[in-house]
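In order, the protein sequences belong to chains Z and U.
Going letter by letter, the first sequence gives residues 1 to 437 in our numbering.
Going letter by letter, the second sequence gives residues 1 to 437 in our numbering.
For each residue, glycine too, the CB sits at the ideal point set by N, CA and C.
For reference, the structure is listed below as structure tokens.
Number of protein chains: 2
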Amino acid sequence: MNNKNAKPLYEQIYEDIRSDILSGRMKKDERLPSKRALSERLSVSVITVENAYSQLIAEGYVRAAERSGYFVQYSGEPVKLPENAPVPVYEPEPESFPDVGTEIFPFSVWTRLMRTVILEKGSALLKPTPSGGAMELRAAISGYLYRARGICQPPERIIIGAGSEYFYDMLIRLLGRDKRFGIEDPGFYKLSKIYRLGGANFEYISLDESGMKADELYEKNIDAAHISPAHHFPTGVVMPISRRREIMSWAETGERFIIEDDYDSEFRWSGRPVRAMFSSDGSGRVIYVNTFSKTIAPSVRISYMCLSEELYEKWRETLGFYACPVPSFEQYTLARFISDGYFERHINRAKKRFRRIREQVLGFISEFPDVRIFEENAGLHFIIEAENAEQIVSKCLEHGVRVTPLKNYYSDPSKCGQNRYVVNYSAANENEFGIIK
Amino acid sequence: MNNKNAKPLYEQIYEDIRSDILSGRMKKDERLPSKRALSERLSVSVITVENAYSQLIAEGYVRAAERSGYFVQYSGEPVKLPENAPVPVYEPEPESFPDVGTEIFPFSVWTRLMRTVILEKGSALLKPTPSGGAMELRAAISGYLYRARGICQPPERIIIGAGSEYFYDMLIRLLGRDKRFGIEDPGFYKLSKIYRLGGANFEYISLDESGMKADELYEKNIDAAHISPAHHFPTGVVMPISRRREIMSWAETGERFIIEDDYDSEFRWSGRPVRAMFSSDGSGRVIYVNTFSKTIAPSVRISYMCLSEELYEKWRETLGFYACPVPSFEQYTLARFISDGYFERHINRAKKRFRRIREQVLGFISEFPDVRIFEENAGLHFIIEAENAEQIVSKCLEHGVRVTPLKNYYSDPSKCGQNRYVVNYSAANENEFGIIK
């Protein structure tokens, strides 16, 4: 026995006997030394041996037979125990993540609100929030949606989740895995992965210049259309009211739903943000999904979903048992950030910043010869068509503007127009443009 | 036009025309007044009208024909717009959640670490962590697992998630929806719901006094057995080594897996915590899942999963694109809490506290006549058998100890022994026992 060993003595005894049993050195029904005998042999107290034996009994290696002693109980095949390799030394990761506009985020305000929340809430922060999220946050979002998006939604029917991905999975469970989902093609590449991994039936639906084609929704027997009418990724299409109405009519015929993914809707370069379909939905067919990861910071994994009365009841009955995945602390801090007006101020600053960046990017790209720009005054990306894009790409990269072939976002890349690219300036660094703020 | 209206003038114009078009009062191809004419009629500037028209064009209600004016574009059926009901007044929820041992949580330490993290990390908090979680937290957990559970796991292969439920869903995606999952019957009631909603094939597997029956895993062609060998809920069974080996042998035959749910393993009332199956797994068949929601606070939605090298590679390739659902701030705070030793100190305090509560509860229950107690020196719950349980239930409730019929946890309640109850003291209030600490 090694007294200097970090482990207590009884554990060392336990480990030795356990390893003898597992390796087959001690066989089933073999008698163990009595506690007294072993304690004398090892020069430890009887209590120490007793603790080791109790552990072996608790784990089923050994049995105690009343008044006759201790016997090996385990009779399995000998086991080769894995070597306890040393725990690898931790190397911090290089900080290589894109900085999505976080340079203008009012971080000192955020941390001040964090401190306020710690003081005000105290140990109430340790209590779980309701399944749908903290009511304070849901009320703050309700107010924001009313002011900014013309959406009148009672806080109860706003559900808080951990990022948009969380809701994509949840919607499969809410609407049912037997439903056929229609997703935009081209579209956000993660979406098809998530529906596939979620075990959902889904079909790619083509787009024309007005967005998702309504007739394909009928042809392909879709039950739920997942669309981003405010600003489609990657084409940049803003869905006109005629197409919105067509898709609404489709949904109103039968038990069909529209998942309105409102990502990016805050960034509109002329006029107001385009109205959300959810706000004109009288028939309870639209589910509205949005996230704060794009507008505040990618590390803030808070998203929300607005449901009709009927779907909310269904959610409560079938999914309401899931715990809210967002820590209460983050929820309260964000609630304060919104209800004290900081969120809308931040959005306004971000809009001004991206408006300047957008002008710069549009400016230098249009100076290249033979380039066509498709842009609809919305969002943080647009499409270009250029035969020789290498120079444009390298100029863009200099400014942190990402350029990706548009065909990457098609289920069938051959359907994509030639020489088209998506220009995304959401991670561009304004300072590098030499703009004086 | 109403100058006092909170909305800008151009929005009021936009809204009026939009509603005229949607309601059918203005028909397709009808000409709108010229900008100048309307501005004069309404006594607003031409720019204001222009802004309203631009918005209508952007949303597809109106089209501009060069040099001939503006025309209604929309031709759909008239729409009844929903009334904008006032946003309901927010009523804070009553604070009615159980207080799961949070009274002894070192909240002041936690908030101090929060402040330290804010200071040290600064705006790096806005950056997303890697998909598997912040390396600092994964390294801290790796060290903890080594010290406390005899598990030697490199930080890279520890994945961070938002609560255990998050991983149950993820494991369906990781192992495949075509796999057959075996879950404990009786068992944690949420589990069958989650597997069902997740679209997984699952079977209930019966237990005997050693836990899940290995032969049923063969009979029912199970591919993945979901078990809690350290302390089963609700029966309290600690799986002996013989059954562990039987289930390991089952897993090693063919492409089969064990999901080891190690919830509750910290609370062991004699000897050391029972060793995790994951730590003796030489064949990469065991997936280890645990959570901090039970040991720190239910509002801390952080759980983790340990994977074999092979499964980790599969996770990275197929699921590594999901963003980590836990805010970076929470991750860094917990990393500090663990690596500075506070977590283990907290567990030790909690153990002392629950040991005292357990003695009290066992004490007063055993004083009732004709009650049998089934308890295996582990966890925060045990089973009793009593013909007339009303008095026991009310005595328990006085102390915040919950009593539930055991049959509630069976897929077929008739299989449950008569008059059995689960006594759960995880939310008991020590002060009410009048114990002097």
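Min CB distance residue i to chain Z below 8 Å
{"i": "R177(U)", "result": "yes"}
{"i": "P327(U)", "result": "yes"}
{"i": "Y61(U)", "result": "yes"}
{"i": "A85(U)", "result": "For A85(U), the pLDDT reaches just 37, beneath the cut-off of 50, and the residue's location in the model is therefore unreliable, although a value from the coordinates is still provided. Yes - at least one Cβ of chain Z is within 8 Å of the one on A85(U)."}
{"i": "V274(U)", "result": "yes"}
{"i": "K193(U)", "result": "yes"}
{"i": "S270(U)", "result": "yes"}
{"i": "R25(U)", "result": "no"}
{"i": "R149(U)", "result": "no"}
{"i": "A162(U)", "result": "yes"}
{"i": "I435(U)", "result": "Reliability of the predicted coordinates at I435(U) is poor, the pLDDT of 39 falling under 50, and no value is obtained from them."}
Proximity below 8 Å, CB of residue i to CB of residue j
{"i": "M305(Z)", "j": "I159(Z)", "result": "yes"}
{"i": "K27(Z)", "j": "V62(Z)", "result": "no"}
{"i": "A230(Z)", "j": "D208(Z)", "result": "no"}
{"i": "G236(Z)", "j": "Y409(Z)", "result": "no"}
{"i": "D169(U)", "j": "D169(Z)", "result": "yes"}
{"i": "F354(Z)", "j": "L319(Z)", "result": "no"}
{"i": "R275(U)", "j": "E59(Z)", "result": "yes"}
{"i": "V289(Z)", "j": "I338(Z)", "result": "no"}
{"i": "I183(Z)", "j": "Y166(Z)", "result": "no"}
{"i": "E252(U)", "j": "S279(U)", "result": "no"}
{"i": "A225(Z)", "j": "M212(Z)", "result": "yes"}
Residue i versus residue j: straight-line alpha-carbon distance, rounded
{"i": "D281(U)", "j": "G69(Z)", "result": "31 Å"}
{"i": "T116(Z)", "j": "V109(U)", "result": "16 Å"}
{"i": "A323(Z)", "j": "K190(U)", "result": "11 Å"}
{"i": "D29(U)", "j": "L406(Z)", "result": "35 Å"}
{"i": "D99(U)", "j": "G176(Z)", "result": "Note that D99(U) scores 42 on pLDDT, short of 50, meaning its location in the model is unreliable; the coordinates nonetheless yield the value given after this. About 35 Å."}
{"i": "K395(U)", "j": "W269(U)", "result": "23 Å"}
{"i": "F292(Z)", "j": "I241(Z)", "result": "26 Å"}
{"i": "G161(U)", "j": "V401(Z)", "result": "31 Å"}
{"i": "R336(Z)", "j": "A124(Z)", "result": "16 Å"}
{"i": "E387(U)", "j": "T404(U)", "result": "14 Å"}
{"i": "Y146(Z)", "j": "A139(Z)", "result": "11 Å"}
{"i": "A389(U)", "j": "H399(U)", "result": "16 Å"}
{"i": "N51(U)", "j": "V44(U)", "result": "12 Å"}
{"i": "Y90(Z)", "j": "P155(U)", "result": "For Y90(Z), the pLDDT reaches just 35, beneath the cut-off of 50, and the residue's location in the model is therefore unreliable, although a value from the coordinates is still provided. Between Y90(Z) and P155(U), the C-alpha separation is close to 8 Å."}
{"i": "F181(Z)", "j": "K415(Z)", "result": "21 Å"}
{"i": "Y14(U)", "j": "F343(Z)", "result": "26 Å"}
{"i": "Q360(U)", "j": "A350(U)", "result": "15 Å"}
Nearest-angstrom beta carbon gap, residue j and residue i [assumed within contact, 8 Å]
{"i": "E216(Z)", "j": "S206(Z)", "result": "6 Å"}
{"i": "F321(Z)", "j": "S131(Z)", "result": "7 Å"}
{"i": "L126(U)", "j": "F107(Z)", "result": "7 Å"}
{"i": "A134(Z)", "j": "S299(Z)", "result": "At roughly 19 Å, the Cβ-Cβ gap does not stay under 8 Å, so A134(Z) and S299(Z) are not in contact."}
{"i": "F368(Z)", "j": "I392(Z)", "result": "6 Å"}
{"i": "D223(Z)", "j": "R256(Z)", "result": "6 Å"}
{"i": "F105(Z)", "j": "I357(Z)", "result": "Wrong, their Cβ atoms sit about 16 Å apart, outside the cutoff."}
{"i": "V286(Z)", "j": "A378(Z)", "result": "Not really, about 20 Å apart at Cβ, beyond 8 Å."}
{"i": "V423(U)", "j": "I365(U)", "result": "7 Å"}
{"i": "E309(Z)", "j": "R149(Z)", "result": "No, E309(Z) and R149(Z) are not in contact; Cβ-Cβ is about 19 Å, not under 8 Å."}
Listed by chain order, chain U residues near residue i by CB distance under 8 Å
{"i": "K190(Z)", "result": "F321"}
{"i": "A224(Z)", "result": "Those do not exist, as A224(Z) stays about 15 Å from chain U at its closest Cβ, beyond 8 Å."}
Amino acids of chain U, ordered along the chain, whose beta-carbon sits closer than 7 Å to that of residue i
{"i": "E165(Z)", "result": "Y322 and A323"}
{"i": "N408(Z)", "result": "Result: empty, since nearest Cβ-Cβ is about 14 Å, beyond 7 Å."}
{"i": "R353(Z)", "result": "Here the premise fails: no neighbours, minimum Cβ distance about 15 Å."}
{"i": "G199(Z)", "result": "R177 and G199"}
Chain-ordered neighbours of residue i on chain U, where CB pairs are closer than 9 Å
{"i": "Q73(Z)", "result": "P240, I241 and S242"}
Chain Z contact residues for residue i, given Cβ-Cβ distances below 8 Å
{"i": "P298(U)", "result": "L126, K127, P128 and A323"}
Interface flag, residue i vs chain U, CB-CB below 8 Å
{"i": "E330(Z)", "result": "yes"}
{"i": "S19(Z)", "result": "no"}
{"i": "P94(Z)", "result": "Here P94(Z) scores only 31 on pLDDT, less than 50, and its place in the model should not be relied on; the value that follows carries that caveat. Not one chain U Cβ lies under 8 Å of P94(Z)."}
{"i": "G69(Z)", "result": "no"}
{"i": "N377(Z)", "result": "yes"}
{"i": "I13(Z)", "result": "no"}
{"i": "D169(Z)", "result": "yes"}
{"i": "S54(Z)", "result": "yes"}
{"i": "A427(Z)", "result": "no"}
Mind checking the region 105-127 of chain U against chain A and listing, in chain order, the residues whose C-beta falls within less than 9 Å of any C-beta there? Among the protein chains of the structure shown, namely Z and U, there is no chain A.
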